[in-house]
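**Q** Right, I'll just put the structure down here and ask away after.
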Ligand SMILES: NC(=O)c1ccc[n+]([C@@H]2O[C@H](COP(=O)([O-])OP(=O)(O)OC[C@H]3O[C@@H](n4cnc5c(N)ncnc54)[C@H](O)[C@@H]3O)[C@@H](O)[C@H]2O)c1
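Numbering (this note's numbering), first residue to last: 32 to 310.
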């Protein structure tokens with residue numbers, strides 16, 4: 032898919048991975064509908080994308096709200112005339128152990144609202160945005176692509192019952208959509224990043240961060256902000272035409288029975304060799 036003049040919706044675009052993807056995709060010539068709760072930070076991303084010469088609009092929407100999401104996608108369609116791609120990126124964490132026990136006594140349990148909130152943002156919102164994007168793509172008669180951001184944590188991770196369940200759900204939903212939506216020319220794919228230096232990861236206590244980096248071959252998180260050049264080349268590999276959208280087109284064109292669904296498990300060692308090391 033040539034991204035020039037296409038309209039891509041990115042959720043969670045105010046900061047972190049969403050903002051970086053938006054900037055990179057703007058460089059590829061796509062118009063951007065950028066969505067987040069945080070309007071003032073979102074405006075910064077909108078400005079950065081607009082300065083690349085594309086059209087970018089910000090939408091302050093809570094992606095867990097069904098009617099707001101329905102209105103959002105109808106507005107994007109009317110503002111840009113088509114919805115060609117969606118990156119389901121908005122996400123949160125709210126870590127805690129399922130139960131915390133000592134000497135046969137449980138002192139703490141994960142509260143149901145803490146579980147549900149993460150499921151709502153990280154999985155239910157992906158469902159809502161994916162569904163509404165598919166509606167616009169089918170009714171527009173032009174197909175499109177939906178990319179869901181899962182996580183390396185989808186396989187299970189201590190202290191993340193809520194997050195891992197949501198991200199595993201996203202992985203399974205992506206495969207389902209790849210199978211269901213191929214008949215409409217809509218390709219679905221997922222990315223499951225390893226740990227990257229964003230606000231979400233900086234919220235992890237430093238002793239736990241040390242334990243995590245000890246398990247990563249490069250012994251550090253993926254560096255988003257420290258080396259823009261390295262970061263851009265990373266996202267180019269993942270998102271830009273050469274490796275990602277074109278791959279989807281290639282798979283998608285391979286007959287009606289071929290459904291593209293692949294997960295890239297990206298660990299920080301993928302950044303190796305692109306820069307100074309940054310340990
Ligand atoms: N950073 C990592 O190491 C990492 C690793 C694996 C997966 N991920 C996933 O990548 C995605 C982006 O992560 P990040 O690190 O950039 O996070 P981040 O916290 O920096 O940014 C997330 C954005 O989502 C927005 N958001 C949260 N709830 C929302 C809602 N209800 N409606 C609209 N917007 C909402 C936030 O305002 C924020 O701007 C998430 O889905 C995350 O789970 C991140």
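In this text, a Cβ means the ideal position worked out from N, Cα and C, and glycines have one as well. All of these numbers come straight from a predicted model, not from anything done at the bench.
1. Let me confirm a value: residue 140 is counted as buried when at least 16 other C-beta atoms fall within 10 Å, else exposed. Which label applies?
2. Alpha carbon to alpha carbon, how far is residue 130 from residue 54? Give it in angstroms, no decimals.
3. If you measure between the beta carbons of residue 221 and residue 179, is that distance less than 8 Å?
4. Ordered along the chain, which non-local residues of its own chain (more than five positions away) have a Cβ less than 7 Å from that of residue 31?
5. Would residue 170 be called buried (16 or more neighbouring beta carbons within 10 Å of its own) or exposed?
6. I want to check one thing, is the minimum distance from the CB of residue 226 to the heavy atoms of ligand 1 below 7 Å?
7. Can you tell which of 42, 212, 242 and 64 has the C-alpha that lies nearest to the C-alpha of residue 111?
8. Shortest alpha-carbon distance to residue 232 belongs to which of 146, 142, 176 and 46?
9. I'd like to confirm the pairing. Which residues does DSSP put opposite residue 217 in its beta bridges?
10. Is there at least one Cβ from chain D nearer than 8 Å to residue 224's Cβ?
11. Please name the residue in 244, 204 and 38 whose C-alpha comes closest to that of residue 106.
12. Compute the Euclidean distance between the alpha carbons of residue 203 and residue 210, then round it to the nearest angstrom.
13. May I have the straight-line CA-CA distance separating residue 174 from residue 218, to the nearest angstrom?
**A** Well, looking at it:
1. exposed
2. 41 Å
3. yes
4. No answer is possible for residue 31: the residues shown for the chain start at 32 and end at 310.
5. exposed
6. yes
7. 64
8. 46
9. 175
10. In the structure shown, chain D does not exist; there is a single protein chain.
11. 38
12. 11 Å
13. 8 Å
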